[in-house]
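Sequence lines, in order, name chains A and B.
Note that the numbering used here numbers the first sequence so that position 249 is 249, with each residue one more than the last.
Note that the numbering used here numbers the second sequence so that position 313 is 313, with each residue one more than the last.
Note that beta-carbon positions come from the ideal geometry of N, C-alpha and C, so glycine has one too.
Beneath this line is the structure, given in structure tokens, with notes to follow.
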Amino acid sequence: MAKKLHDTPNLDQLESGPWPSFVTGLKELAKERDYVVDLLGQLETSYQTRKGYWKGGTVGVFGYGGGVIPRFTELKDESGQAKFKDCTEFHTLRVMPPPGMHYDTGTLRQFCDIWEKHGSGLIAFHGQSGDIMFQGAKTENVQKAFDEINEMGFDLGGAGPAVRTAMSCVGAARCEQSCYNEGQVHRAVINTFLDDIHRPSLPYKFKFKFSGCPNDCMNSVQRADMAVIGTWRDNMQTDDELAKKWFAKHGLDELVNDVVSMCPTRAIRLKNSADVKAGDKISSVAVNDTQSLEINNGDCVRCMHCINVMTGALAPGNDKGATILVGGKSHLKIGGLLGTVIVPFMKLESEEDIEELVTLAQDTIDFFAENALEHERTGEMIERIGLVNFLEGIGREVDANMVATPRTNPYVRTDGWEDEVAKINAKKQAA
Amino acid sequence: MNQAVQPAKMRKAKETGVPDNAAFLHPVLAKNLGAWKYHDRPRPGVLHHVAKSGDEVWSVRAGTQRQMDIYTIRKLCDIADTFAEGRVRFTIRSNIEFMVTDAAKVDPLIAELEKNGFPVGGTGNSVTMIAHTQGWLHCDIPGTDASGVVKALMDELYDEFKKEEMPNRVHLSTSCCEINCGGQADIAVIVQHTKPPVINHDLVANVCERPAVVARCPVAAIRPAMVNGKPSLEIDETKCMCCGACYPPCPPMQINDPVNSKLAIWVGGKNSNARGKPTFMKMVAAGLPNNAPRWPEVAEVIKNILAVYKEDARPWERLADWIDRIGWPRFFEKTGLPFTKYLVDDWRGSRSTLNSSTHIRF
């Protein structure tokens, strides 16, 4: 039995209502732990004063420079004594989950046993970086907990100016829209950078995220310094049987209003089946005995909308791969940036394909490490030096798919124009 | 780390990195990897996937509190062992999914989850679980709590989580400071400080690396200064826009204030490429009080925006798509939110957010 709970009139109000309550969970833990009794005491104080009371510090595991988020209490009385003396340290271990966040219950139960022994008993599935967060351990227990978690085959994730833990979607494991093996690519890339994850020494953080299709369920375009987003080059796949089934259920109004007219590039037309055009870029699907959708794949931007609405009736093509974007980040310091295309398409099927992505990632991080200012994200660096300088730095070619529009001002020195044209022509001829 | 004081027997870490997920996949997922044909949703909270092999799997999705105690996790494991071959997965928004290959198991599984307090839903065009951050529980710079805000809001949005009645999916996020760890969302709640930091000049010289703090300020409002004979920092308060970027590298520059740290509401963020390109969210309301423990004023604004969106948007329009169609003036008109001068962007690149046309809806 632990000591008596502190009064927590604010937190108590978070126990009512239908959604699962973390406060109720903490109180369960507090029954056996003075540590959590005092955690609740400090949290209730925050609710009353509307201030946080944790500060950082330096706590780690042997051999690593990151992966633990140290927290020491700052809530002290006049004499400098902690107000809640049984919870003065509340460190978190960031642990990298398997791609797609799949688990067996044996593993989860083992996590619970380890954290019951060495930690607070509170685990978050998952943090915003994608880590399993083992929340709340004293300094003396951090190494012990890590040793046991590490023996299970799990490793710490990133923190600070390091390559960070990545995320990938459920993808190929359970989604028909998946355009590459997200888990395989995720591991191939991230496990190349373990030194940069465990020993932070970059200008600032660097995040990878892996989404299997342009729905980007991993939010990679705004959260990842390098976003790997699945796509395809050939024509959409179609299935008449599923399309007819869909049409029978949803009807003409929904077909026109929710599918045809919501195509952002007007690539879909509803036609009499007899009038559907033939052509390399045309795919079509019959929705009933007389009418079909005609899709001009040359106009399609692979946005996913029609595929999301008519799953299986329409589907990504067979020539699959990914588009790579760099530079996504949130507000600090220059404002939010979405990622920018640096590779319009790359295959990710063979070992060599994946190796090419790993090389691109290495070149990008090498350039970032050497050229970014302190506390400057990749996107900010590109904003400062320009995309062309970045591309030249990593040895990649410009492509018209990298811009929304060409330049809108004349403020550029173009005396190398003829040389560039000659290079492009030479390349065309060689191809 | 000082190697000299490390005991000789320290265990060396095994740098194993990201583990292979093969051992953790539900058997039918492992069998049909990369070979799925289509999916549908037989009811809210359930996804039904059909593989090219003809195999079928029903995934039942339930909400969790994200910060889970070990008893809750063990309870979820018991449910997975009973119904779902001992396999689960988590979504990016901390929902848990149980996969079953027998349709007859779906209803009993749902009943068991609901009986234990885990709401089943969060699929398709529902309001799904809020992406959230650490807050007062664990962060070193929080302006507010995270788990508590989410608990309070999800209590209010519980029915919308369990139904699929929105025009399209609704993703929400909360962030306890302007760094916005919660990320882009259809609707986001983010702390918005309204006063410059209060500096404890006695501590700055010892705690802060002053040039790094000066460099961190987005508007160059911080400069080194001697204050009361001590090296410290001072702020040009006419330049400071109260973002709090100086606070993480320099805790004596306290930005959090129980009254002046407010909450702002942002709408229209979208990461998906579906229909329009990905978009950043836009600020539409600010000045809401940080009213723990249940933040009723924030809940009211969010519920109002959701009600108007639900009523007015067409099927498949995300919040950003809907506003694209009706225009920002009508968004403010329909929601009754005041359009103040603070919502006109003046940061770098802001010209592109102004209306340079006569496209005006009357």
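For Arg351 of chain B and Arg361 of chain B, what's the separation of their Cα atoms in angstroms? 20 Å
Unbroken alpha helix (DSSP H) run spanning Val301 of chain B, endpoints: 296-312
Out of A:Lys51, A:Cys306, A:Gln237, state which residue places its alpha-carbon closest to the alpha-carbon of Lys281 of chain A. A:Gln237
Any C-beta of chain B under 9 Å from that of Asp435 of chain A: Any property of residue 435 of chain A remains undetermined from this structure, which presents chain A solely from 1 to 431.
Per DSSP, the bridge partner or partners of Ala375 of chain B: Residue numbering for chain B in the displayed model covers 1 to 362; residue 375 of chain B lies beyond these limits and cannot be assessed.
Output the residue ranges of the beta strand (DSSP E) runs that lie fully inside the region 133-164 of chain B and measure 3 residues or longer, sorted by chain position. none
Can you give the Cα-Cα distance for Arg413 of chain A and Asp399 of chain A, rounded to whole angstroms? 19 Å
Rounded to the nearest angstrom, what separates Ala185 of chain B and Met101 of chain A at their Cα positions? 21 Å
Should Asn308 of chain A be flagged as near chain B, meaning a C-beta pair shorter than 9 Å? yes
Between Lys151 of chain B and chain A, is any beta-carbon pair separated by less than 9 Å? yes
Leaving out five residues before and five after Met1 of chain B in sequence, what residues of the same chain have Cβ atoms less than 7 Å from its Cβ? At Met1 of chain B, the pLDDT of 48 sits below 50, so the modelled position is not reliable and the matter cannot be decided from this model.
CB contact check: Pro251 of chain B to chain A, cutoff 9 Å: yes
With a CB to CB cut of under 6 Å and the five nearest residues on each side skipped, what residues in its chain are close to Thr58 of chain A? none
Could you check which residue in B:Ala320, B:Val298, B:Arg348 has the C-alpha nearest to that of Ser175 of chain B? B:Val298
Of all the residues that make up the region 175-202 of chain A, which are near chain B by a beta-carbon distance shorter than 7 Å? Cys175, Glu176, Ser178, Asn181, Gly183, His186, Arg187, Ile190, Asn191, Leu194, His198
Kindly say whether Ala274 of chain B, judged by its beta-carbon, lies nearer than 9 Å to any beta-carbon of chain A. yes
DSSP three-state assignment for Met1 of chain B, whether helix, strand or coil: Caution is warranted here: a pLDDT of 48 is assigned to Met1 of chain B, below 50, making its placement in the model unreliable, and the coordinate value is therefore given only provisionally. DSSP places Met1 of chain B in coil when its eight states are reduced to three.
Which chain B residues sit within Cβ distance under 8 Å of Phe210 of chain A? Here the premise fails: no neighbours, minimum Cβ distance about 11 Å.
Return the CA-CA distance between Pro167 of chain B and Cys139 of chain B, expressed in angstroms with no decimal places. 35 Å
Nearest to Ala35 of chain B (by Cα), restricted to the options B:Ala22, B:Gly54, B:Ala104, B:Ala205: B:Gly54
Quick one: does Gln128 of chain A have its CB under 9 Å from some CB of chain B? yes
Would a check of beta-carbon distances place Leu29 of chain B closer than 9 Å to chain A? yes
Can you give me the Cβ contacts of Arg302 of chain A inside the same chain, cut-off strictly under 7 Å, excluding the 5 residues immediately before and after it? Pro214, Thr231, Trp232
Cβ-Cβ separation, Val191 of chain B to Leu263 of chain B (assumed contact under 8 Å), whole Å: 6 Å
Give the straight-line distance between the Cα atoms of Pro344 of chain A and Leu113 of chain B, rounded to the nearest whole angstrom. 44 Å
CB of Asn484 of chain A within 9 Å of CB of Ile295 of chain A, strictly: This structure does not reach residue 484 of chain A, given that chain A is present from 1 up to 431, and the question cannot be answered.
Cross-chain neighbours of Gln237 of chain A in chain B, by beta carbon under 9 Å: Chain B residues near Gln237 of chain A: none, gap ~10 Å exceeds 9 Å.
Limits of the unbroken alpha helix (DSSP H) element including His367 of chain B: Outside the shown range of chain B, which is 1 to 362, sits residue 367 of chain B, and nothing can be said about it.
Quick check: is the beta carbon of Asn355 of chain B nearer than 9 Å to any beta carbon in chain A? no
Proximal residues to Val309 of chain A (C-beta, below 7 Å), its chain only, five neighbours per side dropped: Asp258, Val259
Closest by CA to Arg330 of chain B, which one among B:Phe83, B:Tyr309, B:Arg318? B:Tyr309
Using a Cβ distance threshold of 8 Å, determine whether the region 374-387 of chain A contacts the region 324-332 of chain A, with at least three qualifying pairs required. yes
9 Å Cβ cutoff, His26 of chain B in contact with chain A: yes
Residues of chain A with CB under 9 Å from Gly182 of chain B, in chain order? Gln128
CB Val37 of chain A to CB Cys87 of chain A, shorter than 9 Å? yes
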